[in-house]
DNA sequence: CACAAGCAGAAAATCGATTTTCGATGACAA
DNA sequence: TTGTCATCGAAAATCGATTTTCTGCTTGTG
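Residue numbers (the working numbering), protein chains in the order written: chain A, 1 to 250; chain B, 1001 to 1250.
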C-alpha cells in the first residue's frame, strides 16, 4: 500500500538517520526534510561550522568525521564537497578539506558585498512587494522583538532560537525581491557573516532592536533610500563591532 | 629524490587521467592543473553542460557517466555535487541529477542580476584600478578584436578560442574590483549566461565588436556612468537577442 | 650544520560490491 | 472504470576495501 510503503520509507529513513550519534534529522534550507545521509551530514557540518564548533582553519579529517557520524567515507566527502561550494570549507586536491579561515580582510569583503547586494534586493523588494510582504515583515519583527536577546553564556538553544528569528526577519525584508539569483547570493553572504557574528557575540552592548525597528519602519513606509541606509548602517555597525572585538582566531 | 618523486607523481597522474576516453587533463578555473579524477570529471561535465552538449533538463545517469569516463561512481557523484552547487545541475535526494533547465524567466533573472552585479564590480574596478589594469583591458580587447567572430557551424575549436578571449575581456574589465565575493558572483552569472549565449549563437548579426569598443573606451576614460551604461546595454542586448531567438528547449 | 634522499605511517582518492529507494506495470477490488 | 496495492527492474545511495599521495622523520652526505 502506498501509505504503508511511504510510512515505511519514512520510518526506515528515520531508523537510518536517527541512531547515528551526533546526526539529527533536520530540514534542508528550503524546508524539505533531509532524505539522505549525505544531506544530514552536510546539514550537521554546516551548523557546526557556522557556530564555530568547528573552528576556522581546522583540518577536517574525513575518516574522523565518518567515524563520528557513523557513516561512510563517501557520505562525508560528498557533504564536504557541497560545503566547499559555499566556501564554508576549502578543498585542495589530494590534501583534503579544512574549515575556511576567517580574517578581518574577509569580513570586510563580505560586509561590503553584502551591503551592496542587500541594497539591490531591498530596492526591488520595496518596488514589488505587496501587503502580504509587509505583513510578513511586521510579523517577523514582532516575533524577533518578543524574544530576548541571548546573553553571552546562554545555552545553545536560546541562541539558536534568536538566531532563527533574526535570520527570518532579515529574509522577510528582501523576500519580495523576485530574483532567485540575488536572493541566493544574499543568502550565501548572510551565512558567511553568521560565523563572524558568532565569534564576536555579546562583546559590546547595542540597541539591535532599535536598528531593526528603524529598518522595518522605513521599509513599511516604502522609503527606499531611508531603508537602504538603515540596513547598510546596521550591517556596517555589526562588522565594526566584530572587528573591534579582535576575536581569538586569525 | 624529491625531483624524481615529483616527476613521478605528475607522470602517474597523467597516466591515470589521460587514457580515460573523453576525459582530458585541463586546468581548474584558478589556473591550477587538475590533480584528481574527480576534478577532471567535474571540468569535463562543466564544459559539456556549458556548450549544451549535455542538454538542459537532461537526466544524468551516474552509472552511464562513470562508464563513459571509465571512472567510479563516487568520482561522478562528487563531480555532480560540485556542479549542483553552481546550479549547472540540479540534485534531488534519492532521485539523482539532471542538467539545470533553461527558460526565458531564468534568463531574465540571470541578466538582471548580472547587470546589477557587473555594475557594482565595474564601479569599484574603475575606482581602484591602476595602469596595469587598463593595459590588461586594452590587451584583452585587441586580442579579442584580432580573432574572427565564429560563424554558426564553425568548428568547436574556433568557437572555443573566441569564447575564451571574450571571457577574458569581460573579466579584465572588473578584475581590479578587489572583492573576491563580487567577482565570484559575477563569475557564476557569466557562466550561467554562457549556456544561453550558446543556444542563440549567431541568430542575428550584431556589432559586438563596436559594443566592446564602447565599453573599453568608457572604462579607459574612467567615465563610470558611461561605462556602466555601455556594459548594461551590452548585456541586455545579448539577452534580448537570445529571447528573440526562441531556442529549441523550454 | 644544511640539505637531499629514503622510508613509514597517515590521510585522501578511488573503486566496485551491496543496500535502499524509485517508478512503471499489472492485478485486483470497489 | 477508478483507485489501491504488490512486484520487479533500474537507478541512487551507501559502504568499506584498496590504491595513491602526502608528510614528517631519519639517515647519510658535503
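Beta carbons: idealized from backbone N, C-alpha and C, even for Gly.
All values reported here derive from a predicted model rather than from experimental measurement.
- Contact between residue 150 of chain A and residue 159 of chain A holds, since their C-beta atoms are separated by about 4 Å, short of 8 Å.
- The shortest CA-to-CA distance from residue 245 of chain A to any of A:125, A:198 and A:141 is the one to A:198.
- The region 156-199 of chain A is shown to contain whole alpha helix (DSSP H) runs of 4 or more residues at 156-174 and 180-199, in chain order.
- Interface with chain A (8 Å Cβ-Cβ cutoff): residue 1066 of chain B is excluded.
- Taking CB atoms only, residue 1197 of chain B has no neighbour in chain A less than 8 Å away.
- The C-beta of residue 225 of chain A comes no closer than 8 Å to any C-beta of chain B.
- With fewer than 16 neighbouring CB atoms inside 10 Å of its own CB, residue 132 of chain A falls in the exposed class.
- Rounded to whole angstroms, residue 183 of chain A and residue 1054 of chain B show a C-alpha spacing of 27 Å.
- Distances from the alpha-carbon of residue 1111 of chain B to those of B:1190, B:1211 and B:1047 put B:1190 closest.
- Residue 209 of chain A: not part of any beta strand (DSSP E); member of the alpha helix (DSSP H) spanning 208-220, first to last residue.
- For residue 1169 of chain B, there are no neighbours in chain A by C-beta distance under 7 Å, as the nearest C-beta there is about 23 Å away.
- When secondary structure is reduced to three states using DSSP, residue 1055 of chain B falls in the coil class, being assigned neither helix nor strand.
- For a Cβ distance threshold of 9 Å, nothing in chain B lies close to residue 230 of chain A: the least Cβ distance comes to about 20 Å.
- Around the CB of residue 1146 of chain B, fewer than 16 other CB atoms lie within 10 Å, so the residue is classed as exposed.
- Relative to residue 114 of chain A, the option among B:1101, B:1121 and B:1108 whose CA is nearest is B:1121.
- Residue nearest to residue 1049 of chain B within the set B:1180, B:1176, B:1127 and B:1097 is B:1097 (criterion: CA-CA distance).
- Here DSSP, grouped into helix, strand and coil, assigns residue 1098 of chain B to strand.
- Neighbourhood of residue 1109 of chain B in chain A, by CB distance below 9 Å: 178, 179, 180, 181 and 182, in chain order.
- Inclusion of residue 71 of chain A and residue 20 of chain A in the CB contact set at 8 Å is warranted, their separation being smaller than that value.
- DSSP places residue 70 of chain A in no alpha helix (DSSP H); its state is neither H nor E.
- Contacts between residue 1112 of chain B and chain A, judged by CB atoms closer than 7 Å, involve 179 in chain order.
- Minimum Cα-Cα distance from residue 1088 of chain B among the listed residues B:1042, B:1214 and B:1126 corresponds to B:1042.
- Of all C-beta pairs linking the region 1234-1243 of chain B to the region 1194-1212 of chain B, three or more are shorter than 8 Å, placing the two stretches in contact.
- Between residue 118 of chain A and residue 37 of chain A, the C-beta gap is not smaller than 8 Å, which leaves the two residues out of contact.
- The Cβ atoms of residue 177 of chain A and residue 124 of chain A sit closer than 8 Å to each other.
- Three or more Cβ pairs closer than 8 Å define a contact, and the region 126-141 of chain A falls short of that threshold against the region 1203-1223 of chain B.
- Residue 44 of chain A has a beta carbon lying at 8 Å or more from every beta carbon in chain B.
- The shortest C-alpha to C-alpha distance from residue 102 of chain A to any of A:231, A:193 and A:34 is the one to A:193.
- Residue 1026 of chain B sits close to residue 1034 of chain B, with the two beta carbons spaced by under 8 Å.
- With a cutoff of 8 Å on beta-carbon distance, residue 1143 of chain B and residue 1173 of chain B are scored as not near each other.
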